[in-house]
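Asks: Each residue of the sequence shown is one higher than the one before, starting from 118 at the first, in our numbering. We put the beta carbon where it would ideally sit given N, CA and C, even for glycine.
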Amino acid sequence: MGHFHLLLVAVAVHSVTTTSRPMDFSPCQTIEAEALCQNRGLNIIPTGLPFNIWKLDLSVNRIKRLMMENLTLYNSLQHLDLQSNHLAFIQPGAFASLTHLEVLNLANNLLDLSKHGLGRLPYLKRLELSGNSLYTDVVEDFLKEAPLLEELSLARNSITKLSDHTFQGSPSLKHLNLQHNIIIEIESGAFQSLSNLSVLDLAMNSIPCISDFDLKQLQVLNLSKNSIEHFLTAESEDEYCLQWLDLSDNNLLYFPVFPKRNRLQHLDLSRNSIQGFSPPSSLLGGSADQNLTNVTKSSPSLYLTELIYLDLSYNEITSIPWDFFRSMNSLRFVNLSKNCLHSFVIGEMNVLNSLVELDLSTNALQNLSLARNSLNLLEKLSLQDNYLQTLPSNIFRALNRIRILNLRKNKINICGGTHKHEEDMDGCVSFSRIIPLGYLNLQNNNIQYLPPHAFHQTPLVELDISMNPGIHIHPEGLSGLEDLLTYLSLEDNGLPSLSVNLSYFSNLRTLDLSENQLTELLITSNSLPLETMDLRNNSFTALQETSLKMLNGTLRTLLLSGNPFDCCQSAWVGRLAWVNIVDKWSVLCHYPNGHPQTHLFNAQPSLCKEVTQDWTMWSLLLLILMIVALCAVVVSLGCCMARRQKVNGIFLHHVKA
118 MGHFHLLLVA VAVHSVTTTS RPMDFSPCQT IEAEALCQNR GLNIIPTGLP FNIWKLDLSV
178 NRIKRLMMEN LTLYNSLQHL DLQSNHLAFI QPGAFASLTH LEVLNLANNL LDLSKHGLGR
238 LPYLKRLELS GNSLYTDVVE DFLKEAPLLE ELSLARNSIT KLSDHTFQGS PSLKHLNLQH
298 NIIIEIESGA FQSLSNLSVL DLAMNSIPCI SDFDLKQLQV LNLSKNSIEH FLTAESEDEY
358 CLQWLDLSDN NLLYFPVFPK RNRLQHLDLS RNSIQGFSPP SSLLGGSADQ NLTNVTKSSP
418 SLYLTELIYL DLSYNEITSI PWDFFRSMNS LRFVNLSKNC LHSFVIGEMN VLNSLVELDL
478 STNALQNLSL ARNSLNLLEK LSLQDNYLQT LPSNIFRALN RIRILNLRKN KINICGGTHK
538 HEEDMDGCVS FSRIIPLGYL NLQNNNIQYL PPHAFHQTPL VELDISMNPG IHIHPEGLSG
598 LEDLLTYLSL EDNGLPSLSV NLSYFSNLRT LDLSENQLTE LLITSNSLPL ETMDLRNNSF
658 TALQETSLKM LNGTLRTLLL SGNPFDCCQS AWVGRLAWVN IVDKWSVLCH YPNGHPQTHL
718 FNAQPSLCKE VTQDWTMWSL LLLILMIVAL CAVVVSLGCC MARRQKVNGI FLHHVKA
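#1: By Cβ distance below 6 Å, which residues in the same chain neighbour residue 646 in space, the five residues on each side in sequence not counted?
#2: Consult DSSP for residue 754 and reduce its assignment to one of helix, strand or coil.
#3: Which two residues bound the contiguous alpha helix (DSSP H) that contains residue 257?
#4: Per the contact definition of three or more C-beta pairs closer than 8 Å, is the segment 668-686 in contact with the segment 694-713?
#5: Is it buried or exposed, residue 145, if we count other Cβ atoms within 10 angstroms and call 16 or more buried?
#6: Over what stretch of residues does the beta strand (DSSP E) that includes residue 474 continue unbroken?
#7: Using a Cβ-Cβ cutoff of less than 6 Å, which residues in the same chain neighbour residue 69 once the five nearest sequence positions on both sides are dropped?
#8: Under 8 Å by Cβ, that's how I've got residue 194 and residue 218 pegged, so tell me the actual separation to the nearest angstrom.
#9: So, helix, strand or coil for residue 461, using DSSP?
#10: Going by beta carbon distance, what residues of the same chain come within less than 8 Å of residue 682, once the five residues before and after it are set aside?
#11: Using a threshold of 8 Å, is the CB atom of residue 208 nearer than that to any non-hydrogen atom of the ligand ATP?
#12: Could you work out which residue in 563, 567, 606, 589 is closest to residue 579 when comparing CA atoms only?
#13: Whose CA, out of 319, 338, 427, lies closest to the CA of residue 372?
#14: Assuming residue 594 and residue 576 are in contact, meaning their beta carbons sit under 8 Å apart, how far apart are those beta carbons, in whole angstroms?
#15: Could you check the C-alpha separation between residue 415 and residue 439 for me, to the nearest Å?
#16: Which residues bound the beta strand (DSSP E) around residue 650?
#17: If you follow the alpha helix (DSSP H) that residue 365 is part of, which residue opens it and which one closes it?
#18: List, from N- to C-terminal side, the alpha helix (DSSP H) runs of 4 residues or more that fit wholly inside the segment 158-207.
#19: Got a sec? Which residues, its chain only, sit under 6 Å from residue 626 by beta carbon, not counting five neighbours each side?
#20: On the DSSP bridge assignment, give the partners of residue 279 in chain order.
#21: Using the beta-carbon count (16 or more within 10 Å), is residue 600 buried or exposed?
#22: Cβ atoms of residue 482 and residue 498: under 9 Å apart, would you say?
#23: So who's on the other strand from residue 327, going by DSSP bridges?
#24: Can you tell me whether DSSP reads residue 686 as helix, strand or coil?
#25: Skipping 5 residues on each side, what residues in its chain have a beta carbon closer than 6 Å to that of residue 487?
#26: Just to confirm before moving on: does the CB-CB distance between residue 776 and residue 534 stay below 9 Å?
#27: Look up residue 590 in the DSSP assignment and give the residues it is bridged to.
#28: Are the CB atoms of residue 244 and residue 221 nearer to each other than 9 Å?
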């Protein structure tokens with residue numbers, strides 16, 4: 118009887134293990150009903166896995182064929198990953214038993230060789246078919262029976278055309294990725310059956326134009342890196358849901374035409390060939406589109422009232438209509454950099470009053486004019502790499518929220534901060550009393566003079582006045598910034614000395630003095646909390662130990678290369694024990710006696726002593742030689758005098774005789 122009970126227990130245990138963990142050897146790792154079999158060199162789907170797993174990861178293996186019997190053991194699967202195998206054949210109905218399957222990843226296989234599609238996928242919600250070299254006709258077969266499919270990726274295939282039948286078998290699609298194919302043609306009605314489609318990615322194809330955009334339900338559309346020359350929508354009273362549109366890297370010649378009722382918030386038109394803002398009437402059709410033609414000619418931006426982000430960089434725009442931005446009441450970010458603009462004018466009040474950031478860099482700007490009470494919320498203005506020279510002296514003072522101003526590589530002259538009348542500031546720009554301004558870049562403006570109190574009552578935190586060779590900085594030029602400035606760059610100005618005493622700049626953390634002609638650095642107070650200092654390519658032979666002592670508590674990073682340091686005056690190096698010398702092994706020094714250059718931090722004091730001893734010996738020898746020569750001269754003179762006296766005595770004796 119006892120044996121019988123033991124037999125029953127054994128049978129029960131065996132039945133449990135066969136339903137949850139088969140006795141067959143498994144090459145996979147199982148964690149909480151997830152079987153992880155990736156990159157195991159498998160040729161078939163293993164059979165020794167728990168029957169109740171919901172996720173099976175077989176990615177990066179060598180499976181070539183998928184048969185129906187391979188998956189019947191695992192009918193609880195919800196997620197199956199077979200990406201990066203060698204799949205070329207899938208038996209029809211292979212997934213029929215997987216009634217819970219929602220996610221199927223077949224990316225990076227050889228499914229272009231499979232002629233039977235995938236069969237019925239009644240519950241599948243997400244399907245990944247990218248990187249399979251699938252062509253146009255095959256795609257339709259793969260999607261015939263996927264009624265609940267919501268997300269589909271067909272990226273990196275060989276699709277050339279989308280017909281009105283392509284997606285009929287998957288009417289529930291919401292997200293569709295078709296990027297990196299060779300799509301040239303999209304038939305009318307290709308997406309008509311996809312009433313729930315909200316995200317469509319068609320980037321990196323060969324689409325030549327969008328002539329009648331009618332996907333009213335779409336929210337996100339990516340058309341970047343195609344060959345699109347124009348984007349048009351017909352006149353309609355219907356509301357379009359599109360919020361995000363990327364048309365960058367195309368061949369657009371004109372600003373797109375959008376439907377009257379739209380929700381567009383993000384528009385990227387960068388890297389095109391846009392020159393104008395109104396397409397020619399020939400593109401807009403005949404009389405049926407006459408209303409659209411008239412509206413577009415008068416104001417191409419009329420229907421962009423909800424637009425927040427606009428990128429027009431890297432185009433060929435030479436001018437912008439004065440009323441272009443008039444209706445863009447929600448606009449916060451505008452990028453017009455890398456164009457051909459000669460002038461930027463806001464001609465009326467209350468325009469672009471929601472704008473936070475404006476980039477006009479790398480144009481050919483010579484004129485900048487801003488109406489009163491415009492750009493009231495602007496915080497960042499990029500004007501670098503232009504030809505700005507003559508501006509209204511108080512143009513930036515009117516920007517009530519401006520925090521960051523970049524004027525690098527222009528030709529701006531700076532006004533002093535004590536002028537009370539605008540007529541006293543002819544030909545210069547005032548940077549005083551710009552209350553919110555914290556970051557100012559005036560690099561490479563050919564500034565010759567920084568007048569006293571130039572930044573009076575302007576709370577600058579970072580200031581760059583580098584690459585203005587020959588600039589004369591008045592000793593009071595930075596007056597008022599002593600308690601505020603954290604970053605200062607005076608690089609490449611050819612300065613022979615510092616006219617401004619930086620010792621009392623109590624917040625200065627980073628100082629760039631590289632590429633000048635400085636011979637000394639005088640720090641007379643320990644109030645300067647420098648952490649990073651760049652002294653490269655100056656004329657220093659040594660740094661004052663007293664100055665380094667003042668910086669000893671804060672200095673963390675230092676650059677020194679390119680200076681003619683004296684190896685025999687390097688005692689100050691000991692003050693840098695806790696400092697990170699970024700270019701340490703590029704810092705050289707020389708010995709006065711002609712010894713070869715060496716690394717400053719390897720300088721040998723003994724060679725300097727030898728120099729002193731040699732100099733003493735040669736000096737003593739020279740002194741002895743001089744004494745001997747002097748004695749010889751004295752003796753010679755004595756002999757000459759004695760001989761002359763003797764001759765004179767003989768001569769007198771003969772005369773008397």
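Replies: In short:
#1: Sequence index remark: in the sequence shown, residue 646 carries index 529 (1-based). So the list reads 671, once near-sequence residues are dropped.
#2: Mapped onto the sequence shown, residue 754 falls at position 637. Helix at residue 754.
#3: What you label residue 257 is simply residue 140 of the sequence shown in a count that begins at 1. Its alpha helix (DSSP H) spans residues 253-259.
#4: yes
#5: Reading the sequence shown from its first residue, position 28 is the one you call residue 145. Per the 10 Å Cβ criterion, buried.
#6: Here residue 474 refers to the residue found at position 357 when the sequence shown is read from its first residue. Note, residue 474: beta strand (DSSP E), 474-476.
#7: Given a span of 118 to 774 for the chain in the structure shown, any question on residue 69 remains unanswerable.
#8: Counting from 1 along the sequence shown, the entry for residue 194 is found at position 77. Counting from 1 along the sequence shown, the entry for residue 218 is found at position 101. Indeed they touch by this definition, with Cβ atoms about 6 Å apart.
#9: The sequence position of residue 461 within the sequence shown is 344, counting from 1. Residue 461 falls in the strand class under three-state DSSP.
#10: For the purposes of this step, residue 682 is taken as the residue at position 565 of the sequence shown. For residue 682, where only same-chain residues beyond five positions count, the Cβ hits under 8 Å are 657, 658, 659, 704, 705, 706, 707, 717.
#11: The ligand content of the structure shown is nil, which means the ligand ATP is not present either.
#12: The sequence position of residue 579 within the sequence shown is 462, counting from 1. The shortest C-alpha separation from residue 579 is found at 606.
#13: Within the sequence shown, numbered from 1, the residue matching residue 372 stands at position 255. Comparing Cα positions, the closest option is 427.
#14: As a working mapping, residue 594 is identified with position 477 in the sequence shown. As a working mapping, residue 576 is identified with position 459 in the sequence shown. Wrong, their Cβ atoms sit about 17 Å apart, outside the cutoff.
#15: Locating residue 415 in the sequence shown gives position 298, counting from the first residue. Locating residue 439 in the sequence shown gives position 322, counting from the first residue. Caution applies to residue 415, whose pLDDT of 45 falls short of 50 and renders its modelled position unreliable; the model cannot decide the point.
#16: Residue numbering aside, residue 650 sits at position 533 when the sequence shown is read from its first letter. Note, residue 650: beta strand (DSSP E), 649-651.
#17: Position 248 of the sequence shown, counting from 1, holds the residue named residue 365. Run containing residue 365: none; DSSP gives neither H nor E here.
#18: 185-188
#19: Numbered from its first residue, the sequence shown carries residue 626 at position 509. Here the set comprises 603, 648.
#20: Indexing the sequence shown from 1 puts residue 279 at position 162. Answer is 303, bridged to residue 279.
#21: Position 483 of the sequence shown, counting from 1, holds the residue named residue 600. Exposed, since its Cβ has fewer than 16 Cβ neighbours within 10 Å.
#22: Looking up residue 498 in the sequence shown gives position 381. Looking up residue 482 in the sequence shown gives position 365. Against a cut-off of 9 Å, the Cβ pair of residue 482 and residue 498 comes out as no contact.
#23: The count along the sequence shown starts at 1 and reaches residue 327 at position 210. Bridge partners of residue 327: 348.
#24: The residue given as residue 686 occupies position 569 in the sequence shown. Here residue 686 sits in helix by DSSP.
#25: Mapped onto the sequence shown, residue 487 falls at position 370. Result list for residue 487: 463, in chain order.
#26: Look at the range of the chain in this structure, 118 to 774, and you will see that residue 776 is not part of it.
#27: Against the sequence shown, residue 590 aligns to sequence position 473. DSSP lists 567 as partners of residue 590.
#28: Working through the sequence shown from its first residue, we reach residue 244 at position 127. Working through the sequence shown from its first residue, we reach residue 221 at position 104. Going by C-beta atoms, residue 244 is nearer than 9 Å to residue 221.
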